[in-house]
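Below you'll find the structure, written out as structure tokens, and then a few comments.
There are 2 protein chains.
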Amino acid sequence: MPRRPSISAERLWARLMALGEDGALPGNGVNRQALSSQEILAWRRLHAWGAETGLVPSTDAAGNFFLTLEGALPHLAPVLAGSHIDSQPTGGLFDGAFGTLAALEAVTAIAEAGTKPERSIVVVAWMNEEGSRFAPGMMGSDLFAGSRTLDEVMATRDADGMTVGEALRTVHDAFPDLEHKPLGFPIHTYIEPHIEQADLLERSGAVIGVVSGIQGKKTYEVTLSGHEAHAGTEPMERRRDALQAFARIAVRMQDAMAGDDVVKFTIGRVEVEPNAPSVVPAKVTFRIDLRHPDNATLDRFSARLEHIVADEAAPCRHQIRRLVDAPSNGFDAGLQLAIRTSAARHGYPALDLLSAAGHDARQMAALAPSAMIFIPCRGGISHHPDEWAEPEHVAAGATVLLDLLLELSGLSSNQGVA
Amino acid sequence: MPRRPSISAERLWARLMALGEDGALPGNGVNRQALSSQEILAWRRLHAWGAETGLVPSTDAAGNFFLTLEGALPHLAPVLAGSHIDSQPTGGLFDGAFGTLAALEAVTAIAEAGTKPERSIVVVAWMNEEGSRFAPGMMGSDLFAGSRTLDEVMATRDADGMTVGEALRTVHDAFPDLEHKPLGFPIHTYIEPHIEQADLLERSGAVIGVVSGIQGKKTYEVTLSGHEAHAGTEPMERRRDALQAFARIAVRMQDAMAGDDVVKFTIGRVEVEPNAPSVVPAKVTFRIDLRHPDNATLDRFSARLEHIVADEAAPCRHQIRRLVDAPSNGFDAGLQLAIRTSAARHGYPALDLLSAAGHDARQMAALAPSAMIFIPCRGGISHHPDEWAEPEHVAAGATVLLDLLLELSGLSSNQGVA
Chain Z
139 MPRRPSISAE RLWARLMALG EDGALPGNGV NRQALSSQEI LAWRRLHAWG
189 AETGLVPSTD AAGNFFLTLE GALPHLAPVL AGSHIDSQPT GGLFDGAFGT
239 LAALEAVTAI AEAGTKPERS IVVVAWMNEE GSRFAPGMMG SDLFAGSRTL
289 DEVMATRDAD GMTVGEALRT VHDAFPDLEH KPLGFPIHTY IEPHIEQADL
339 LERSGAVIGV VSGIQGKKTY EVTLSGHEAH AGTEPMERRR DALQAFARIA
389 VRMQDAMAGD DVVKFTIGRV EVEPNAPSVV PAKVTFRIDL RHPDNATLDR
439 FSARLEHIVA DEAAPCRHQI RRLVDAPSNG FDAGLQLAIR TSAARHGYPA
489 LDLLSAAGHD ARQMAALAPS AMIFIPCRGG ISHHPDEWAE PEHVAAGATV
539 LLDLLLELSG LSSNQGVA
Chain W
139 MPRRPSISAE RLWARLMALG EDGALPGNGV NRQALSSQEI LAWRRLHAWG
189 AETGLVPSTD AAGNFFLTLE GALPHLAPVL AGSHIDSQPT GGLFDGAFGT
239 LAALEAVTAI AEAGTKPERS IVVVAWMNEE GSRFAPGMMG SDLFAGSRTL
289 DEVMATRDAD GMTVGEALRT VHDAFPDLEH KPLGFPIHTY IEPHIEQADL
339 LERSGAVIGV VSGIQGKKTY EVTLSGHEAH AGTEPMERRR DALQAFARIA
389 VRMQDAMAGD DVVKFTIGRV EVEPNAPSVV PAKVTFRIDL RHPDNATLDR
439 FSARLEHIVA DEAAPCRHQI RRLVDAPSNG FDAGLQLAIR TSAARHGYPA
489 LDLLSAAGHD ARQMAALAPS AMIFIPCRGG ISHHPDEWAE PEHVAAGATV
539 LLDLLLELSG LSSNQGVA
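Protein chains in written order, with this note's numbering: chain Z, 139 to 556; chain W, 139 to 556.
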């Protein structure tokens, strides 16, 4: 009789550290942006680890990467689990990587136990979750869910002018033998483990976060166009200084957020042209990232931001492009219960919470019952080289995921116990 | 008896247009930054034009470029005339180039007339006046005047990490046979023709600007250091957002300038780190350019700016580096009179004015009697591809310069007249 599968905390941790070598920054942290040569190295590792236990590697037209543990009943839609392996330019070792490697560990444990699930289980690493190289993020899951078109996404360019399509070709060319799955193949359920990227779990002493949903998010690109002039001669009253217009807008926007405890408002990216010390700036392009758990409030704040741009841009011209408009969503209640039950069985303190960050699970929730398992991250620090999760929390998250996968794939979590 | 020298307006204009091909931008304008391959091409043109009339080319340890018309009494200190040929990244055809080519034209006219001046006349193209690639500008004239040290200037890096020393070596290697003059050789007088870069001449209908002095200028580099964080999760009240601190500072500085009609305040360059759409910015580095004709007022405004940084930076840390501290200065009264007299003789309406922009002549004024001759620039537009000077104004400026050079080098402006 096959033994009950259980995860190897040591192997999972070692693999997390090894993956962190692909794109490692001096000191700590990683720069492993979407479809980069560093991400190709990371694909190679996943490919090799999957091969050790006979997982079948594949990809799709969106550049998502899959490792499949074949089930006994291949006509059933598979259970999908994982996250992403791309990072911010100065990212940490856990954002994304933890979810994909926890899913790989759980599937490896099942395969090594000698059991065969009824449904196939597919480990996924979504293409470009972060959106730092090619904006906006969630490209792979958006394409999988059909919420964006392949043509539009593939034409998106990075700062060097390279398109997603060109970058993806270099990745696919590096893996010429990989099977290509149809985009958006049917799935039974989706589970995504992830670090919390905030400190609610840490502050409450909980180890497992049962994610009720994801807060809504809107992003914008705003362009302010003024007139280039000599810094030493152009009279102040005649200037159309795009940078000064930007500064007024940024301050008024920040002020407009005052009094709301949960809103998140960020201007993270600013490009100034010509960006020369003695030239009055002609053009400023910047990105707004606005999030709120309440959809009506999110809409109200976003209207206010658009109003501020229109109001303060003069004497410059302005243009607002809406990039992302993702309302807040809720995850499957049954799956949340299963996470809570598993955590209790293992003695892990659990906390129900809303995700402040966006995740690929938001896209999957439109296709199939979906859920997220959070683990604490130290000090709530994420998108930063100092990002850190404790080894025992990493193991706990993978253990809860394994319970869910056993149940969802047709292997009850008691099966295999002698 | 040699004929009276006179400039060729056609040749001067043709050379201005030809020089504009080195670093030409699509459409119009030039990108010919200091010590770039584009500037090497421009040196080659000057070198070839000088050779046509036997001018002796040379350089110095600062990377200044000289063309000398040898005088009959070589022990006398030479008259120096010219400007610079580097440009802003999106610069025009006249800023700098007009002054160097007007001097070359005047000297060529003297040589072609078959006369030999008593004093040598040296045409100069100063290294890195603009300061856009390597900051701050006026490097060549600062080094010539001894107001900065060679070691410090040579170690300055551009955005790609290349030093001035490395870039200068590529320029000097391209001209291995060039004589090297001692840095700061004695000079008798310095005259710099230049476009006005403002529209006082145009609005008053004047053709020649008699420059009384240069307004004072201070520049700063300010660094704001906050903390990188996830845009979707970091609570607003816990953020140390360097970009928001920057925006508050920029708006307060702009407000602090209100009510003064002549102050010029510019933030032209801003670098955000990590500059990713969903990351709270950890660091902002920006440049301040502050100018005023009154030194006491300039000091008062600069103190106010420093105070605003200290006051608004929190919760970020701040660092202020003073880059340039150049008080306003006056030019030689006798030379101003000579310019006014020459303009009157030719029937060019003249206007006394203060230069709002900084120029290499500020540095030379500390070494020898110095002056500047301004000509109008259309709409006051400069540091921009649309920068434009009328051919008849270009010719007028060179004609006045020729008068001064004849007088200063020991050839009265009547000599050679039949």
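For every residue, glycine included, the Cβ atom is placed at its ideal position computed from N, Cα and C.
Given the structure is predicted, the values throughout are model-derived calculations rather than measurements.
Residue-level contact by beta carbon holds for VAL389 (chain W) and chain Z, with a gap shorter than 8 Å.
Residue-level contact check: ILE511 (chain W) does not touch chain Z, since none of the beta carbons of chain Z fall below 8 Å from its beta carbon.
Within the model, the alpha-carbon separation for ASP393 (chain W) versus ALA495 (chain Z) is close to 37 Å. Within the same chain, and ignoring the five residues on either side of ALA504 (chain W) in sequence, the residues whose Cβ sits closer than 6 Å to its Cβ are ALA283. The alpha-carbon separation between ASP490 (chain W) and HIS497 (chain W) amounts to approximately 17 Å. In the structure shown, the three-state DSSP call for MET391 (chain W) is helix. About 18 Å separates the CB atoms of LEU475 (chain Z) and ALA219 (chain Z); that is not less than 8 Å, and the two are not in contact. The three-state secondary structure of SER196 (chain W), taken from DSSP, is strand. Not flagged as an interface residue toward chain Z: PHE272 (chain W), since no C-beta distance is shorter than 8 Å. Straight through space, the alpha carbons of GLN353 (chain Z) and ARG407 (chain W) are spaced by roughly 35 Å.
Residue-level contact check: PHE403 (chain Z) touches chain W, since one or more beta carbons of chain W fall below 8 Å from its beta carbon.
Apart from sequence neighbours up to five positions away, the residues of its chain that approach ALA488 (chain W) with a beta-carbon distance below 8 Å are ALA344, VAL345, ILE346, GLY347, VAL348, ILE477, ARG478, ALA481 and ALA482, ordered along the chain.
Within the same chain, and ignoring the five residues on either side of ALA369 (chain Z) in sequence, the residues whose Cβ sits closer than 8 Å to its Cβ are PRO415, SER416, VAL417 and VAL418. Cβ-Cβ separation between THR206 (chain W) and LEU193 (chain W): approximately 6 Å, consistent with a contact (criterion under 8 Å).
Under a criterion of Cβ atoms nearer than 7 Å, the residues of chain Z adjacent to HIS368 (chain W) are, in order, GLN335, ALA495, SER520 and HIS521. Between PRO523 (chain W) and ALA297 (chain Z), the alpha-carbon positions lie close to 24 Å from each other. The residue among W:GLU530, W:HIS531, W:VAL532 and W:GLN501 with its C-alpha nearest the C-alpha of GLU267 (chain W) is W:GLN501. Following the DSSP letters along the chain, one finds TRP151 (chain W) inside the alpha helix (DSSP H) bounded by residues 147-157. One finds nothing in chain Z with a Cβ atom closer than 7 Å to the Cβ of ASP463 (chain W); even the nearest lies about 15 Å away.
The criterion of a C-beta distance shorter than 8 Å is not satisfied by ILE333 (chain Z) and ALA367 (chain W).
Contact check between the segment 428-435 of chain W and the segment 239-254 of chain W: fewer than three CB pairs, one atom from each, fall below 8 Å, which does not count as touching. For LEU549 (chain Z), no beta strand (DSSP E) run applies, since DSSP gives it neither H nor E. A distance below 7 Å between beta-carbons, with the five flanking residues on each side excluded, links GLY275 (chain Z) to the following residues of its chain, in chain order: ASN266, GLU267, GLU268 and GLY269. ASP160 (chain Z) is positioned such that its CB atom lies no closer than 8 Å to that of GLU525 (chain Z). With distances taken between CA atoms, GLY485 (chain Z) lies nearest to Z:GLY535 out of Z:ASP437, Z:GLY535, Z:ARG442 and Z:ALA509. Each of W:GLY351, W:ARG182 and W:GLU190 was checked against the Cα of SER508 (chain W), and the nearest Cα belongs to W:GLY351. Using beta-carbon distances, MET395 (chain W) counts as an interface residue toward chain Z, with a partner under 8 Å. Just so you know, the alpha carbons of ALA210 (chain Z) and LYS421 (chain W) end up roughly 54 Å apart. Distance from the CA atom of ILE405 (chain Z) to the CA atom of SER279 (chain Z), rounded to whole angstroms, is 24 Å. The DSSP-derived three-state label of HIS445 (chain Z) is helix.
Residue-level contact by beta carbon fails for LYS319 (chain W) and chain Z, as no gap is shorter than 8 Å.
Only buried fits ALA451 (chain W), as 16 or more other CB atoms lie within 10 angstroms of its CB.
Each of W:ALA388, W:PHE204, W:PRO255 and W:PRO216 was checked against the Cα of GLU317 (chain W), and the nearest Cα belongs to W:PHE204.
If only uninterrupted alpha helix (DSSP H) runs of at least 4 residues are considered, those enclosed by the segment 284-316 of chain Z are 288-292 and 302-312.
TYR328 (chain W) is a Cβ neighbour of ALA506 (chain W), given a cutoff of 8 Å. Per DSSP, the continuous alpha helix (DSSP H) segment holding GLY472 (chain W) begins and ends at 471-484.
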